[in-house]
Amino acid sequence: MSAVLEARGLRKTFANGVRAVDGVDLDIHEGETLGLVGESGCGKSTTGRIVLRLTDPDAGQLRFEGRDLLGTRGGALRRLRARLQIVPQDPRTSLNPRLTAGEAVAFNLRAHGWRQPRRGERVRELFARVGLAPAHLASYPHELSGGQAQRVAIARALATEPRLVVCDEAVSALDKSVQAEVLNLLTRIQAQAGVSYLFISHDLTVVEHVADRVAVMYLGRVVETGPSAAVMAEPLHPYTQALFNSLPGHGRGRVHAQGEPPSPRNPPSGCHFRTRCPRAVPRCAEAAPPLVEVQPGHRAACVHHPAMTPATANGGTP
Amino acid sequence: MAHPALTVEDLQVSFRVAGEEVPVVRGVSFSVEAGRTLVIVGESGSGKSVTARSILRLHGRNATLDGAIRLGDTELLGLDERRMNELRGARVALIPQDATGALDPLRRVGSQISEVLRHHGRAPSRAGGLAQAIELLRRVHIADPDRVAASYPHQLSGGMRQRIAIAIAISCGPRVLIADEPTTALDVTVQAQILDLLSELQERLDMALVMVTHDVGVAEQMADEVAVMYAGRVVELGPVDIVLGSPAHPYTAALLAAQPRPDVPRGALRPIPGVPPLPSRLAVGCAFAPRCDRRAAECDEVEPGLERSAARVLVACHRPIAMERTA
Numbered sequence: 077m078s079a080v081l082e083a084r085g086l087r088k089t090f091a092n093g094v095r096a097v098d099g100v101d102l103d104i105h106e107g108e109t110l111g112l113v114g115e116s117g118c119g120k121s122t123t124g125r126i127v128l129r130l131t132d133p134d135a136g137q138l139r140f141e142g143r144d145l146l147g148t149r150g151g152a153l154r155r156l157r158a159r160l161q162i163v164p165q166d167p168r169t170s171l172n173p174r175l176t177a178g179e180a181v182a183f184n185l186r187a188h189g190w191r192q193p194r195r196g197e198r199v200r201e202l203f204a205r206v207g208l209a210p211a212h213l214a215s216y217p218h219e220l221s222g223g224q225a226q227r228v229a230i231a232r233a234l235a236t237e238p239r240l241v242v243c244d245e246a247v248s249a250l251d252k253s254v255q256a257e258v259l260n261l262l263t264r265i266q267a268q269a270g271v272s273y274l275f276i277s278h279d280l281t282v283v284e285h286v287a288d289r290v291a292v293m294y295l296g297r298v299v300e301t302g303p304s305a306a307v308m309a310e311p312l313h314p315y316t317q318a319l320f321n322s323l324p325g326h327g328r329g330r331v332h333a334q335g336e337p338p339s340p341r342n343p344p345s346g347c348h349f350r351t352r353c354p355r356a357v358p359r360c361a362e363a364a365p366p367l368v369e370v371q372p373g374h375r376a377a378c379v380h381h382p383a384m385t386p387a388t389a390n391g392g393t394p
Numbered sequence: 055m056a057h058p059a060l061t062v063e064d065l066q067v068s069f070r071v072a073g074e075e076v077p078v079v080r081g082v083s084f085s086v087e088a089g090r091t092l093v094i095v096g097e098s099g100s101g102k103s104v105t106a107r108s109i110l111r112l113h114g115r116n117a118t119l120d121g122a123i124r125l126g127d128t129e130l131l132g133l134d135e136r137r138m139n140e141l142r143g144a145r146v147a148l149i150p151q152d153a154t155g156a157l158d159p160l161r162r163v164g165s166q167i168s169e170v171l172r173h174h175g176r177a178p179s180r181a182g183g184l185a186q187a188i189e190l191l192r193r194v195h196i197a198d199p200d201r202v203a204a205s206y207p208h209q210l211s212g213g214m215r216q217r218i219a220i221a222i223a224i225s226c227g228p229r230v231l232i233a234d235e236p237t238t239a240l241d242v243t244v245q246a247q248i249l250d251l252l253s254e255l256q257e258r259l260d261m262a263l264v265m266v267t268h269d270v271g272v273a274e275q276m277a278d279e280v281a282v283m284y285a286g287r288v289v290e291l292g293p294v295d296i297v298l299g300s301p302a303h304p305y306t307a308a309l310l311a312a313q314p315r316p317d318v319p320r321g322a323l324r325p326i327p328g329v330p331p332l333p334s335r336l337a338v339g340c341a342f343a344p345r346c347d348r349r350a351a352e353c354d355e356v357e358p359g360l361e362r363s364a365a366r367v368l369v370a371c372h373r374p375i376a377m378e379r380t381a
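The following block contains the structure:
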C-alpha cells in the first residue's frame, strides 16, 4: 500500500503566537480514510489547510503522490490541485451564492482546463454520481437543503478526479438523518474511485464509523494513532480515554478530563495534556513523550505506557 | 395530588411571516414533575426550541401562542408582561445555547449576576449582591470565583461562560429550568462536565428540567422522559429507556437508525429519505408520512393524535411499531 500523502514534522505558529501545529506526522494510503479527531483549537483544521497548501507551515515536509508538495508553486501547484480537493464544513457559505449548483461544479472544471461541451456533460455526470436530480443544476445555494448543498460541494470536489479529498467537518452542520446520507455517499465514492480522505472532525462517533485509521490531536500534537477499531476498543492515551468517556450516553459521573484545554499560545511544558490528565506525574512536565508503537500500527504518546522505553522511543508515524 | 411543576397543554405557536400565519408548534402537551427531566429531541425545524422558549414567552410580537402553560397552578399565557417579568428568572429560568451571546460583553460577570438578584429583590445592596454572586459561582464549581466575578465574558472560556449562564439561571431558585441545547456549542470533554453539573444542581435544588437537544446521546444520558418532535408536534412521549430502547413511532426509529455507530458497516447507515415539510406547506395527514416506510392510505388522510401505546408511552401514529418487532 503506497502513501498518497506523507507529512513529517509539520509546524505552524501564527502571528498571534498560537502554536496551532506542533510537529505532526501523517501518512494517508491509497483508498483509505484517515480520521483526524480533536476538540476546538487542537490544530486539526490547520493541519488540513497545510495539506491543501492553503497555509504554509513553518517547518516540515509534505509529499503528495511521491512529490514534494511544499516546493511546488505556481502553475505546477495549480495543476496538482486537481488531485487534491476539499469538502468544507458549511456548503451554504462555501458555495458562491451567485452561481447555480451546476455553475459551481463547472467552475472547478474550467479552472482545470475542461472545455465545452465536455464540461457540461461532466457536470451532469457528477450530479448523477452524487444523487442530485438534473433539475438542481439550475438551483442557487439558498434553494438547496443542507444535504443537497453538501452533495454539490462533493460533486465539485470530485470533478477533477482527485486522489485525496480533505473533508473538514464535512458533515458536522447536518442533521443526523441527512448526515447518514452524506456519509454513505462518501463511502460509495471511495469504493468506486479509490480516493483517499483526510476526514477532519470533532465528532468521535462519526470518525469511528467512517475512518480506517484515526489520529487524535491535542493542542497541536498527535497523541494517539492507529486502526479505528483498535483505538476504539482500547484507547491508550488518557486524552483519548477522556474523549470516549465524555461521549453523552456513556453514563453519568464517569471520570472526565479536568477543566478545559489551556491556551494554544502557551501550552504546558512536556505533555500538553498533563494539566487535565488524571494520571499526570512530575515526569510528564519534563519532555513531550514521543509516539510509541504499542501494537502493530497503534501508537500513543504517553509516559505511562509500558512500551515507553528509550529503545523504542523513536516515535512513529500515523 | 399537587400540580406538576410545569404543565403544557395543547400549545400552538404560529408566526406571522410576510402576512401569512405559519404554524410552527401544533398542539404540544406534556408535564414535568419537580426533580424530573424531560428532554425534547428533534432535528432542525421540528419546533423544539420554539416550544421551550414559549414557556418563558420569549417570542417576538409576530408570534401567537394558544393553549395553556402552567407553572404549578399559575397560568402563564394570560399574564401581562410585567407579571411575566417577575416570574422569568424567579420561577422559571433559561439556560441558552450560546452563553456568549447571552452575557453582556461590557459588564463584569459578578455585576451581571447580582443584577438578576437585585431585579427580583433577592439582594438588598450592591455589595450583598456581589457576595451572593460569588457564592453562586462557587455552586457551579468555578474554582476561583473572585477572579471570575471581576472578569469580562471575553476573558473566560466557553465552558466557564456556560457555567456563568447556569449560575444566573439558578440564582433566584426557579422551580423550572429550561435548557435550550445548553452544550451544543461546547467541546465534548467540556460538555460532559456541564451535563454532570446540570444533573447535580437539579437533584440538589429539586427543579423540573426541560432540555432541548438534537443529540440522542444527550437525551439518553439526561432524560427521565423523552418527547420526540417532528414538524411541530410531539410524535412520541414516554420514559427514555422505552422510547429510545424500543421506539414505537417510525420517525423515532428512523432517527435512531440514522445515528453513526461503530457496529454499522461503513456505507450502510440508514438515512431518512426526503426532507421535513415546510411549516407553511403542511399537507393533511401525518407530516412524516411522505418519508415513512410504514405509510398506509389513512396516513395521508388523517393526522394521528397522541395515543397511549405501550405502558406509559404516547404515540402519534396510525401504524406504530409493535414492541415485539423491535425486540
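Quick note, the sequences are listed as chains A and B, same order.
Mapping of the first sequence onto my numbering: residues 77 to 394, in sequence order.
Mapping of the second sequence onto my numbering: residues 55 to 381, in sequence order.
Even glycine gets a Cβ: it sits at the ideal position worked out from N, Cα and C.
Looking at the C-beta of residue i, does it have a partner C-beta in chain B at a distance below 8 Å?
| i | result |
| --- | --- |
| His332(A) | yes |
| Asn260(A) | yes |
| Lys252(A) | yes |
| Ser215(A) | no |
| Ala83(A) | no |
| Pro343(A) | no |
Does the ligand NAP have a heavy atom nearer than 7 Å to the CB of residue i?
| i | result |
| --- | --- |
| Met214(B) | Of the ligands one can find in the structure shown there are none, so the ligand NAP has no counterpart to examine. |
Hey, does residue i have any beta-carbon neighbour from chain A nearer than 8 Å?
| i | result |
| --- | --- |
| Arg335(B) | no |
| Ala381(B) | Any reading at Ala381(B) needs caution, since the residue's pLDDT is 38, under 50, leaving its predicted position unreliable; the model's value is listed next. Closer than 8 Å: no. |
| Ala308(B) | yes |
| Arg195(B) | Residue identity check: residue 195(B) is His in the sequence provided, not Arg. Taking Cβ atoms only, chain A never reaches closer than 8 Å to His195(B), which makes this a no. |
| Val104(B) | no |
| Ile94(B) | no |
| Gln313(B) | yes |
| Pro293(B) | no |
| Val78(B) | no |
So, using beta-carbon positions, are residue i and residue j closer together than 8 Å?
| i | j | result |
| --- | --- | --- |
| Ile232(B) | Leu110(B) | yes |
| Ile276(A) | Glu300(A) | no |
| Val194(B) | Leu251(B) | yes |
| Pro207(B) | Pro159(B) | yes |
| Gln226(A) | Val258(A) | yes |
| Arg349(B) | Ala343(B) | yes |
| Ser100(B) | Ala285(B) | yes |
| Arg332(A) | Cys378(A) | Here residue 332(A) is His; the residue named in the question, Arg, does not match the sequence. It is not a contact, given that the beta carbons lie outside the stated cut-off. |
| Val242(B) | Leu323(A) | yes |
Output needed for residue i: all residues of its chain with C-beta closer than 7 Å, excluding positions within five of it in sequence on either side, in chain order.
| i | result |
| --- | --- |
| Thr267(B) | Val93, Val95, Glu235, Ala273 |
| Arg87(A) | Val97, Asp98, Gly99, Pro133, Asp134, Ala135, Gly136 |
| Leu153(A) | Arg129 |
| Gln313(B) | Val270 |
| Ala249(A) | Gln165, Asp166, Gly222 |
| Ala287(A) | Thr109, Leu110, Gly111, Phe275, Ser304 |
| Tyr216(A) | Pro173, Thr176 |
| Thr148(A) | Leu156 |
| Arg373(B) | Arg348, Ala350 |
Ordered along the chain, which non-local residues of its own chain (more than five positions away) have a Cβ less than 8 Å from that of residue i?
| i | result |
| --- | --- |
| Gly114(A) | Lys120, His278, Val292, Met293, Tyr294 |
| Asn390(A) | Residue placement at Asn390(A) cannot be trusted, given a pLDDT of 44 that sits under 50; what the coordinates show is reported in the next sentence. Only Pro366 meet the Cβ criterion. |
| Leu259(B) | Ile224, Gly227 |
With a CB to CB cut of under 6 Å and the five nearest residues on each side skipped, what residues in its chain are close to residue i?
| i | result |
| --- | --- |
| Gln239(A) | According to the sequence shown, residue 239(A) is Arg rather than Gln. Once the five neighbours on either side are set aside, the close Cβ partners of Arg239(A) are Val80, Arg159. |
| Cys371(B) | His303, Pro358 |
| Leu360(B) | Leu368, Ala370 |
| Leu148(B) | Leu110, Ile232 |
| Val282(B) | Val95, Val289, Glu290, Thr306 |
| Gln216(B) | Ala153, Ile248 |
Taking 8 Å as the CB-CB cut-off, is residue i touching chain E?
| i | result |
| --- | --- |
| Glu274(B) | Absent from the structure is chain E; the protein chains it does hold are A and B. |
Mind pulling the alpha helix (DSSP H) runs of 4 or more residues that sit fully within the region 72-118 of chain B? 102-109
**Asked** Name the residues in the region 293-309 of chain A whose C-beta lies less than 7 Å from a C-beta of chain B; which are they?
**Response** Met308
I'd like the ranges of any beta strand (DSSP E) spanning at least 3 consecutive residues and lying wholly in the region 342-369 of chain A.
none
At what residue ranges does the region 158-240 of chain A contain a whole run of the beta strand (DSSP E), taking only runs of 3 or more? 160-163
### Query
Considering only residues of the region 174-210 of chain B, which uninterrupted alpha helix (DSSP H) runs meet the minimum length of 4 residues and lie entirely inside it, listed in chain order?
180-193, 199-203
| field | Near-chain A residues of the region 258-270 of chain B - C-beta to any C-beta below 8 Å | value | His268, Asp269, Val270
Problem set entry | Under 9 Å (Cβ pairs) to chain A, residues found in the region 208-238 of chain B | Ser211, Gly212, Gly213, Met214, Thr237
| query | Closer than 7 Å, Cβ to any Cβ of chain A: which residues of the region 237-252 of chain B, in chain order? | reply | Asp241, Val242, Thr243, Val244, Gln245, Ala246, Gln247, Leu249, Asp250
ask   = If contact means a Cβ-Cβ distance below 8 Å, which residues of the region 104-116 of chain A contact chain B?
value = Glu115, Ser116
>> What are the residues in the region 323-355 of chain B lying within 7 Å of chain A by C-beta distance?
In response: Leu323, Arg324, Pro325, Ile326, Val329
| query | Whole alpha helix (DSSP H) runs in the region 92-151 of chain A with 4 or more residues, listed along the chain? | reply | 120-127
* To do: Scan the region 236-275 of chain A and note each continuous beta strand (DSSP E) run of 3 residues or more that stays entirely inside, going in chain order.
  => 240-244
The region 310-324 of chain A: positions lying closer than 8 Å to chain B by Cβ:
Ala318, Leu319, Asn321, Ser322, Leu323, Pro324
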